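*Asks:* Line order of the protein sequences matches chains A and B.
Everything in the first sequence is counted per the numbering used here, starting at 51 for the first residue and increasing by one.
Everything in the second sequence is counted per the numbering used here, starting at 51 for the first residue and increasing by one.
For each residue, glycine too, the CB sits at the ideal point set by N, CA and C.
Model, not experiment: these values are computed from the prediction.
Protein chains: 2
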Amino acid sequence: MEYKASSETIFYQIEKAIKQYRVMAQGNLNKLEYKVTINQILLMLQIDRNPEISQVELAELLFKDVASVTRMIELLVKRNFLLREEDKKDRRKKALKTTDKGKRVLELAIPIIKKNREIAQNDITEEEKEILFKLLGKIILNTSK
Amino acid sequence: MEYKASSETIFYQIEKAIKQYRVMAQGNLNKLEYKVTINQILLMLQIDRNPEISQVELAELLFKDVASVTRMIELLVKRNFLLREEDKKDRRKKALKTTDKGKRVLELAIPIIKKNREIAQNDITEEEKEILFKLLGKIILNTSK
DNA sequence: CAAATATAATTGATATATCAATTATATTTA
DNA sequence: TAAATATAATTGATATATCAATTATATTTG
């Protein structure tokens, strides 16, 4: 069966780009005194900005399963980065809050994440970013539902 | 601390595109009578085309850890999709082969994967694909090493 | 050649991904 | 309002991701 080599497809290229980006980004984050992952930071960031957010919404924002979010939060609570309590208004939900320790690690991590993005976008013009965004948007549209 | 919303970055867009693509692709593959994942198919495909390939090379090609590859192969051997024997020339290596059952599922899966790619690339011109490829190439370059 | 170093694969530990089932609470409908 | 349905979160099972350590074999170096 004739079949285009994976490595020539845009999907392979996307996978490669995102994989390398993750490795680079995590590598830089590892220089922190706290052992945290990029995804943990992104999770805490959402909670810190919007403590009203539900775990279902967090899962959607981070492209994760709600089960994964539950377990990620569990770990972060254990390590005292987050607080989790019952939501007074809707008792199916949990009220999430970043602790002082959580806020501290966010303060340290945010500049690193910004830097990572800058590194990865080096010599890509604003116009090119827009094009890239739009083309990816087409894929998103094509693959939705 | 001022901080660009994740959802506006190209990295978020890349993550979203690849995530949706995976979900769509896996959904279509699930229509097969065999319960296999896209990654299992891509792994078997590499082995089928090049039985000389090592697990280290497989890991690189699929952007995975060698430990993951070991375990993926283990499962595929158990399910009789692959054969794994000692390599005669280099006894540190394993000789991998697709079984008839493995070849059968590949035959069925390949057209689906081709179709998935077509769906995702709908209304993206060849020129646009090239641009996308090149821009992602820049990110790959920026994040390498 | 023997010792040191490198390579291929496996294994262990822990976290995350995925899917299905379950529990608790809210909301809608008959 | 009681019953049916929907929603939020958790839990269980299994696979994969990641990092470190280990085993076996090859290759290089003194």
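#1: Excluding five sequence neighbours on each side, which residues of the same chain lie with their C-beta closer than 6 Å to the C-beta of Y84 (chain A)?
#2: For D150 (chain B), verify whether its CB is less than 7 Å away from any heavy atom of the ligand MN.
#3: Taking 8 Å as the threshold (beta carbon to beta carbon), is Y71 (chain A) in contact with chain B?
#4: Pick from A:I163, A:T175 and A:E102: whose alpha carbon is nearest that of K143 (chain A)?
#5: Please identify, using Cβ separations under 9 Å, the residues of the segment 148-168 of chain B that lie next to chain A, in order along the chain.
#6: In the segment 70-99 of chain B, which residues sit with their C-beta less than 7 Å from some C-beta in chain A, listed in chain order?
#7: Cutting at 7 Å between CB atoms, please list the residues of its own chain near S104 (chain A), excluding the five before and the five after it.
#8: Considering only residues of the same chain and omitting the five flanking positions on each side of L95 (chain A), which have a CB-CB separation below 7 Å?
#9: Find out if the Cβ-Cβ distance for the pair K151 (chain B), L133 (chain B) is shorter than 8 Å.
#10: Which residues in chain A sit within 8 Å of F131 (chain B), going by Cβ to Cβ distance?
#11: Quick one: Cα of I190 (chain B) to Cα of S194 (chain A), how far?
#12: What span of residues does the alpha helix (DSSP H) with K134 (chain A) cover, start to end?
*Replies:* Let's see:
#1: V155
#2: Because no ligand of any kind appears in the structure shown, any question about the ligand MN cannot be addressed here.
#3: yes
#4: A:E102
#5: L156, E157, I160, P161, I163, K164, N166 and R167
#6: Q70, Y71, M74 and L92
#7: K143
#8: L156
#9: no
#10: None at all; the shortest Cβ gap to chain A is about 17 Å.
#11: 26 Å
#12: One point to set straight first is that residue 134 (chain A) is Arg, not Lys, in the sequence displayed. Here R134 (chain A) belongs to no alpha helix (DSSP H); instead the beta strand (DSSP E) covers L132 to E136.
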